[in-house]
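K.L.:
Pasting a structure below so you can have a look.
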Amino acid sequence: MSRKIFSRRLDKIFKILGISFMVFSLLVLLVLLIDVFLDGKSRLTWGFLTSFPSRKPQQAGILSAWVGSVWIMITTAIFALPLGIGAGIYLEEYARKNRLTKFIEINIANLAGVPSIIYGLLGLGLFVRYLNLDRSVLAGGLTLALLVLPIIILSTQQALRAIPFSIREASYAVGATKWQTVRHQLLPAALGNIMTGVILAMSRAIGETAPLITIGALTYIAFLPQSPIIFLKNFPFVRFSLKGMFDPFTVLPIQIFNWVSRPQKGFFTNAAAGIIVLLCLTLIMNISAILLRHHYQGKIRW
Amino acid sequence: MLLKRKPILKLKELFIERLLFLFSFLSVFTTLGIIIILLFESFEFFKEVSILKFLTDTQWTPLFINKHFGILPLLCGTFLTTLIAICVALPVGLVSAVYLSEYASLKLRAIVKPIMEILAAIPTVVYGYFALLFVTPLLKKIIPSLSGFNALSSGIVMGIMIIPLISSLSEDAMRSVPMSLREGAYAVGSNRLQVSFRVVFPGALSGIISSIVLAISRAIGETMIVAIAAGQQPKLTLNPFVPIETITAYIVQVSLGDTPYGTLEYRTIFACGMTLFVITFILNTFSFKLKRHFLEAYE
Chain C
185 MSRKIFSRRL DKIFKILGIS FMVFSLLVLL VLLIDVFLDG KSRLTWGFLT
235 SFPSRKPQQA GILSAWVGSV WIMITTAIFA LPLGIGAGIY LEEYARKNRL
285 TKFIEINIAN LAGVPSIIYG LLGLGLFVRY LNLDRSVLAG GLTLALLVLP
335 IIILSTQQAL RAIPFSIREA SYAVGATKWQ TVRHQLLPAA LGNIMTGVIL
385 AMSRAIGETA PLITIGALTY IAFLPQSPII FLKNFPFVRF SLKGMFDPFT
435 VLPIQIFNWV SRPQKGFFTN AAAGIIVLLC LTLIMNISAI LLRHHYQGKI
485 RW
Chain V
170 MLLKRKPILK LKELFIERLL FLFSFLSVFT TLGIIIILLF ESFEFFKEVS
220 ILKFLTDTQW TPLFINKHFG ILPLLCGTFL TTLIAICVAL PVGLVSAVYL
270 SEYASLKLRA IVKPIMEILA AIPTVVYGYF ALLFVTPLLK KIIPSLSGFN
320 ALSSGIVMGI MIIPLISSLS EDAMRSVPMS LREGAYAVGS NRLQVSFRVV
370 FPGALSGIIS SIVLAISRAI GETMIVAIAA GQQPKLTLNP FVPIETITAY
420 IVQVSLGDTP YGTLEYRTIF ACGMTLFVIT FILNTFSFKL KRHFLEAYE
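Residue numbers (the numbering used here), protein chains in the order written: chain C, 185 to 486; chain V, 170 to 468.
Here it is in structure tokens:
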């Protein structure tokens with residue numbers, strides 16, 4: 185009888201332990217957010233977003249950093265989206281279940297576990313040196329595209345797998361080809377889940393620091409890549425140019441890292457303010473991904 | 170009309186299939202690219218420094234005049250921070266996983282899981298800031314002899330970072346243990362704790378170990394936290410209170426410096442990268458095999 189009471193008590197103790205450990209995790213998250221917010225809120229002004237970095241902490245801003253981050257995100261998306269979604273479609277819909285397919289899938293699972301700094305070394309050797317792209321936006325974007333590809337491929341595969349086979353059979357039955365089935369039936373149905381994966385992949389890319397440092401992205405930069413839209417003299421007319429892709433860049437996390445690693449206290453405040461901006465972007469992306477997934481989970485009933 | 174269009178349609182279908190195949194094969198090229206670049210540059214490095222020296226010398230001073238190229242101090246730093254991280258993440262992650270899988274109501278799970286996901290999504294540079302400017306000053310109040318840069322606070326923060334990885338993957342493993350096993354144990358009079366630890370936990374063990382191995386691999390490859398908060402002094406020590414340097418932090422240090430490309434000093438980062446790649450590859454493969462083994466067991 186006493187053993188039974190003992191084990192019941194143990195059960196209760198474990199329940200309390202479980203709750204307290206989870207509260208601990210949430211508390212850490214909360215403390216982190218509050219700490220950073222209190223440290224950085226005094227520097228969070230309009231001027232902070234529109235100034236270049238400076239040697240004086242009070243005048244330094246994140247203009248080149250966030251513009252660089254936007255450039256890198258767009259470049260990464262241009263390459264990673266079609267390649268990742270395309271590869272996912274192939275593996276799920278076209279590939280025969282043979283050794284080659286299995287090899288490719290194991291390979292993708294392995295790539296998902298390679299440390300990000302190794303991708304930096306790959307980018308340094310392949311894009312910066314071998315392809316001579318130098319420390320450009322293009323080299324950085326390509327490096328991050330390779331880094332997030334496994335995430336996009338895996339989420340595309342999962343999204344397609346969730347679609348019942350009957351949809352495909354119905355499409356074939358009315359005479360559609362394989363690609364027509366993919367293009368008009370499967371992709372629209374899987375879009376919500378694929379977008380969730382894409383947003384998560386991009387939120388990973390916006391926070392990546394190590395691979396971009398490794399390819400040699402600059403830490404102090406006081407100019408912007410050439411704007412993609414150039415206003416001509418006859419005003420409403422514009423010219424588009426992607427020359428900015430070949431310009432050097434810095435990104436938000438690198439700017440934060442640069443400020444954190446300086447001895448002066450003033451720069452710590454700047455780093456905290458930069459982190460608030462970065463966290464806002466990451467949190468918005470993640471929360472919208474969670475909401476999107478929730479929305480699609482409830483909506484589609486096969 | 171239909172007959173005329175068919176060959177073109179077929180050609181288009183074939184073209185799309187080939188193109189999509191190329192996209193998926195790109196991942197193989199990525200792996201090959203990583204291996205070729207690391208091998209090529211490391212080969213140049215090992216022409217000048219013998220592998221034996223690299224693996225046994227106890228000093229790492231490639232940027233000094235008196236050069237030593239022993240990876241051991243960097244490996245030691247990596248090992249130390251990883252060990253601290255696992256000591257934090259293992260109890261918290263596993264208890265959370267058991268709780269979420271066996272105790273928590275659906276409602277609580279629906280709240281906690283997204284928050285864990287957000288914890289996992291925070292950029293590592295933010296964790297680095299947190300380690301250097303929040304955890305280290307806090308720990309200094311308890312341990313006055315603690316250096317400004319140390320393995321302890323970066324290890325602890327790294328542990329917090331990998332909690333979601335362990336808890337969510339272990340929970341997935343535990344949830345895939347068949348309900349009939351639990352019902353059998355309840356039928357002979359076990360309570361929830363006994364079911365959790367005598368039935369579900371052992372049943373999901375290989376899946377749980379797989380998640381832990383993956384977390385270790387993530388901790389070994391983690392860069393920004395240690396680059397910011399652990400210091401830049403490669404030392405062969407297990408003392409968590411002093412500055413150390415990990416493999417990843419060293420690669421960042423050289424990348425930020427002005428070491429010219431193509432020199433021996435510069436090639437050290439590829440030799441370090443190779444070491445890192447080999448270690449994480451072995452761990453990832455092991456984790457992957459365990460997970461597959463586990464999934465097959467309940468099919």
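Cβ atoms here follow ideal geometry from the backbone N, Cα and C, with glycine treated the same way.
This structure is a prediction, so every number in the text was calculated from the model and none was measured.
Beta-carbon of E469(V) versus every beta-carbon of chain C: anything under 8 Å?
P.N.:
Nothing about residue 469(V) can be read from this structure; chain V reaches only from 170 to 468.
K.L.:
Tell whether a beta-carbon distance below 8 Å holds between F318(V) and A398(V).
P.N.:
Working through the second sequence from its first residue, we reach residue 318(V) at position 149. Working through the second sequence from its first residue, we reach residue 398(V) at position 229. Yes.
K.L.:
Under three-state DSSP, which class holds F349(C)?
P.N.:
Along the first sequence, read from residue 1 onward, the residue named residue 349(C) stands at position 165. In the structure shown, F349(C) sits in a helix (DSSP, three-state: H, G or I).
K.L.:
Which of the three DSSP states, helix, strand or coil, is assigned to S196(V)?
P.N.:
As a first step, residue 196(V) is located in the second sequence; it is residue number 27 there, counting from the start. Helix.
K.L.:
Going by alpha carbons, who is nearest to I331(V) out of I394(V), V447(V), I177(V), G202(V)?
P.N.:
Along the second sequence, one-based indexing puts residue 331(V) at 162. Checked all of I394(V), V447(V), I177(V), G202(V); the closest Cα to I331(V) is I394(V).
K.L.:
Return no unless some Cβ of chain V is closer than 8 Å to the Cβ of A343(C).
P.N.:
Counted from its first residue, the first sequence places residue 343(C) at position 159. With 8 Å as the cut-off, A343(C) does not count as an interface residue toward chain V.
K.L.:
Could you say if the region 285-292 of chain C and the region 344-351 of chain C meet the contact criterion of at least three C-beta pairs nearer than 8 Å?
P.N.:
no
K.L.:
For Y480(C), which residues from the same chain have a beta carbon less than 7 Å from its beta carbon, with the 5 sequence-adjacent residues on both sides left out?
P.N.:
By 1-based counting over the first sequence, the position of residue 480(C) is 296. Same-chain partners within the cutoff: G376, N377.
K.L.:
Classify V422(C) as helix, strand or coil using the three-state DSSP reduction.
P.N.:
In the first sequence, the residue the question calls residue 422(C) occupies position 238. Shown here, V422(C) sits in a strand according to DSSP, grouped into three states.
K.L.:
Expressed to the nearest angstrom, what Euclidean distance is found between the alpha-carbon atoms of M170(V) and L267(C)?
P.N.:
Residue mapping note: residue 170(V) aligns to position 1 of the second sequence, counting from 1. Residue mapping note: residue 267(C) aligns to position 83 of the first sequence, counting from 1. Confidence is the limiting factor: at M170(V) the pLDDT is only 44, short of 50, which leaves the residue's position unreliable, though a coordinate-based value still follows. If you take the alpha carbons of M170(V) and L267(C), they lie about 34 Å apart.
K.L.:
Starting from the beta carbon of Q363(V), find every residue of chain C whose beta carbon is closer than 7 Å, and list them in chain order.
P.N.:
Position 194 of the second sequence, counted from the first residue, corresponds to residue 363(V). Ordered by position in chain C, the residues that pass the 7 Å Cβ test against Q363(V) are S191.
K.L.:
Starting from W229(V), follow its DSSP beta bridges and name the residues at the other end.
P.N.:
Walking along the second sequence from the start, residue 229(V) turns up at place 60. Within the DSSP bridge table, the entry for W229(V) names F238(V) as partners.
K.L.:
Output yes if chain V places a C-beta closer than 8 Å to the C-beta of P237(C); else output no.
P.N.:
Along the first sequence, read from residue 1 onward, the residue named residue 237(C) stands at position 53. Residue-level contact check: P237(C) does not touch chain V, since none of the beta carbons of chain V fall below 8 Å from its beta carbon.
K.L.:
From what residue to what residue does the alpha helix (DSSP H) around I312(V) run?
P.N.:
Position 143 of the second sequence, counted from the start, is the residue given in the question as residue 312(V). No alpha helix (DSSP H) contains I312(V), which DSSP labels as neither H nor E.
K.L.:
Taking the alpha carbon of V332(C) as the reference point, which residue from Y356(C), F311(C), Y303(C) has its own alpha carbon closest?
P.N.:
Start at 1 with the first residue of the first sequence, and residue 332(C) comes out as number 148. Measuring from the Cα of V332(C), the nearest candidate turns out to be Y303(C).
K.L.:
Quick one: what does DSSP say I246(C) is sitting in, helix, strand or coil?
P.N.:
The count along the first sequence starts at 1 and reaches residue 246(C) at position 62. Reduced to three states, the DSSP call for I246(C) is coil.
K.L.:
I'd like to know whether the C-beta atoms of P487(C) and F441(C) end up nearer to each other than 8 Å.
P.N.:
Nothing about residue 487(C) can be reported from this structure: the residues present for chain C run from 185 to 486 only.
K.L.:
At the 8 Å Cβ level, is I246(C) part of the contact set with chain V, yes or no?
P.N.:
As a first step, residue 246(C) must be located in the first sequence, where it is residue number 62. Taking Cβ atoms only, chain V never reaches closer than 8 Å to I246(C), which makes this a no.
K.L.:
Please state if the CB of S424(V) and the CB of T398(C) are separated by a distance shorter than 8 Å.
P.N.:
Here the question's residue 398(C) lines up with position 214 in the first sequence. Here the question's residue 424(V) lines up with position 255 in the second sequence. Cβ distance < 8 Å, so T398(C) and S424(V) count as in contact.
K.L.:
Which chain V residues are close to I292(C), counting only those with a beta carbon under 7 Å from its beta carbon?
P.N.:
Mapped onto the first sequence, residue 292(C) falls at position 108. Simply S196.
K.L.:
From P403(V) to A373(V), what does the alpha carbon distance come to, in whole angstroms?
P.N.:
Stepping through the second sequence from its first residue, residue 403(V) is reached at position 234. Stepping through the second sequence from its first residue, residue 373(V) is reached at position 204. Near 39 Å, if we compare the C-alpha coordinates of A373(V) and P403(V).
K.L.:
The beta strand (DSSP E) that contains I413(C), what's its start and end?
P.N.:
Translated into positions along the first sequence, residue 413(C) becomes position 229. For I413(C), the enclosing beta strand (DSSP E) has its first and last residue at 413-415.
K.L.:
Between the C-alpha atoms of T210(V) and R436(V), what's the straight-line distance to the nearest angstrom?
P.N.:
Mapped onto the second sequence, residue 210(V) falls at position 41. Mapped onto the second sequence, residue 436(V) falls at position 267. It is Glu, not Thr, that sits at residue 210(V) in the sequence shown. About 6 Å.
K.L.:
Under the assumption that P231(V) contacts F238(V) (Cβ atoms under 8 Å), give the Cβ distance between them as a whole number of angstroms.
P.N.:
For the purposes of this step, residue 231(V) is taken as residue 62 along the second sequence, with counting starting at 1. For the purposes of this step, residue 238(V) is taken as residue 69 along the second sequence, with counting starting at 1. Going by Cβ atoms, the distance from P231(V) to F238(V) rounds to 6 Å, so yes, they are a contact pair.
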